[in-house]
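According to our numbering, the sequence shown is numbered sequentially starting from 40. All C-beta atoms, glycine included, are put in the ideal place defined by N, C-alpha and C.
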Amino acid sequence: MNGSTLLVLGPRAWILLAVLLCLAAVVWRTALGRSPAQMLLAGTRALIQLAAVALAIGWLSGRGTLAFAFVALMFVVGVWTSGRRVAPEGRWWLAAVPLAAGVVPTAALLLAFGVLPLSALAVIAVVGQQIGGAMSTVTLAGRRIRDELALRNGEVEAAVALGFQWPAARSMVARPVAGEAVLPAIDQTRTAGLVTLPGAFVGMILGGAEPLDAGLIQLLVLVSLLLVNACAASVTLWLGCRGAWHAAGRGGLPGP
40 MNGSTLLVLG
50 PRAWILLAVL
60 LCLAAVVWRT
70 ALGRSPAQML
80 LAGTRALIQL
90 AAVALAIGWL
100 SGRGTLAFAF
110 VALMFVVGVW
120 TSGRRVAPEG
130 RWWLAAVPLA
140 AGVVPTAALL
150 LAFGVLPLSA
160 LAVIAVVGQQ
170 IGGAMSTVTL
180 AGRRIRDELA
190 LRNGEVEAAV
200 ALGFQWPAAR
210 SMVARPVAGE
220 AVLPAIDQTR
230 TAGLVTLPGA
240 FVGMILGGAE
250 PLDAGLIQLL
260 VLVSLLLVNA
270 CAASVTLWLG
280 CRGAWHAAGR
290 GGLPGP
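Below is the structure:
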C-alpha cells in the first residue's frame, strides 16, 4: 500500500478520505442546499464499486471474451445513469442511442487500426473511459437542451407559426447550447500537460513506459474522447429536437 511514488498511502489516507467526503457533503448542504446523503452515498458507492471492479478486472484479465460482457454491463449502467438524469419520467432508455453513437464507431476505429488490442484489460480500460465520457455528455447536453426548450418555448412556437417544422424550430433554440456539454473534454485536451497531467499518462510514466509512448497513448485517449463526446452530443440534440425523450406534450415539449 505504501509503494506508490505519487501519493503516500496507509491508515492516514483512509482517514483523509473520510474527512474529504464529509467536508464535500457539508459544502454541498450548506452552500448549495442539497442533501448531504447524495454526496455520502456517491463516495460510499465509489468505494464499494471500485473494490468490486478491481477484483473483477483481475479475474477477467485472462478471459478476453468475458471482457466484452463486462463492457456491456458498463454500457447498461451508463444508459441508466444518464437516461434517468435527462428523462426520469420519460423514455430514459433512449440514452442508449447517443451513447452507442459515440462509443461504437470510435472503439471500432481503434480496433480496425490495430491500436486497441483485443485484450481484456485494454478493452475495459479504453472503452470504459469512452462510455464514461459519453455518459457525462449525454447527461449535460440532454438536461441543457431540455431546460432551454422549456425556457424558450415561446420562441419555438413562434417559429412553428412561421412555417418551420417542430424539429427545425427546436434546433434553432437547442443547437447553440448542445455543444456546451463537449467543452469540458475540449478544455481537458487543450490543457493536457499544462493544467493537468492525465491519470493514464502519469500511471504509464510511473510504470516505466517511455515518455513519448505514454504521451501518444494519452493523446489517442483524449482525442478519441473528443469524437465520442461530439457524436453523443449531436445525437442527443437530434433526439431532443424531435421530442423523443417524452410523449408529445410532455417534458416542456409541445407538439409532435
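Local Cβ density within 10 Å of residue i, reported as buried at 16 or more and exposed below that
i, result
"Pro137", "buried"
"Val110", "buried"
"Glu187", "buried"
"Ala91", "exposed"
"Leu148", "exposed"
"Leu105", "exposed"
"Ile54", "exposed"
"Thr69", "exposed"
"Gly288", "Residue confidence for Gly288 is low, a pLDDT of 46 falling below 50, so the modelled location carries little weight; the figure read from the coordinates is stated next. Gly288 comes out exposed."
"Gly97", "exposed"
"Thr176", "buried"
"Thr83", "exposed"
"Pro250", "exposed"
"Ala108", "exposed"
Reduced DSSP category for residue i - H, G, I as helix; E, B as strand; rest coil
i, result
"Ala159", "helix"
"Ala213", "helix"
"Ala207", "helix"
"Met40", "With a pLDDT of only 48 at Met40, under the threshold of 50, the placement of this residue in the model should not be trusted; the figure read from the coordinates follows. Coil, per DSSP."
"Glu249", "coil"
"Val166", "helix"
"Arg191", "coil"
"Leu201", "coil"
"Leu71", "coil"
"Pro127", "coil"
"Leu265", "helix"
"Trp53", "helix"
"Arg281", "coil"
"Gly97", "helix"
"Gly153", "coil"
"Leu48", "coil"
Presumed contact (8 angstroms Cβ cut-off) between residue i and residue j, rounded CB distance
i, j, result
"Ala180", "Ala217", "5 angstroms"
"Met78", "Leu89", "Their Cβ separation, rounded to whole angstroms, is 17 angstroms, which puts Met78 and Leu89 out of contact at 8 angstroms."
"Arg130", "Ala283", "7 angstroms"
"Val58", "Ala140", "At roughly 41 angstroms, the Cβ-Cβ gap does not stay under 8 angstroms, so Val58 and Ala140 are not in contact."
"Leu133", "Gly122", "7 angstroms"
"Ala272", "Ala197", "That belief does not hold up - the Cβ atoms of Ala272 and Ala197 are roughly 26 angstroms apart, past 8 angstroms."
"Ala189", "Val199", "The pair is not a contact, with the Cβ atoms about 16 angstroms apart (cut-off 8 angstroms)."
Opposing strand residues paired with residue i [DSSP bridges]
i, result
"Ala272", "DSSP lists no partner for Ala272."
"Ala286", "Looking at the DSSP assignment, Ala286 forms no beta bridge with any residue, so it has no partner."
Of the listed residues the options, nearest to residue i (C-alpha basis)
i, options, result
"Asn268", "Ile54, Gly82, Val47 and Met174", "Met174"
"Leu155", "Cys270, Pro215, Val47 and Leu255", "Leu255"
"Phe114", "Gly129, Leu94, Gly97 and Ala135", "Ala135"
"Val195", "Arg183, Leu266, Ser74 and Ala213", "Ala213"
"Pro75", "Phe203, Thr69 and Ala64", "Ala64"
"Cys280", "Phe152, Val262 and Trp205", "Trp205"
"Gly167", "Ser263, Leu133 and Arg191", "Ser263"
"Trp119", "Leu233, Ala207, Ile170 and Thr228", "Ile170"
"Gln257", "Ala272, Leu266, Ala231 and Leu276", "Ala231"
"Leu261", "Ser210, Leu276 and Leu222", "Leu222"
"Thr145", "Asp226, Leu278 and Leu259", "Leu259"
"Leu276", "Arg182, Val165 and Leu160", "Arg182"
"Ala95", "Cys270, Leu62, Leu160 and Gly117", "Leu160"
Residue-chain proximity (residue i, chain C), Cβ-Cβ < 8 angstroms
i, result
"Leu222", "Included in the structure is just one protein chain, with no chain C present."
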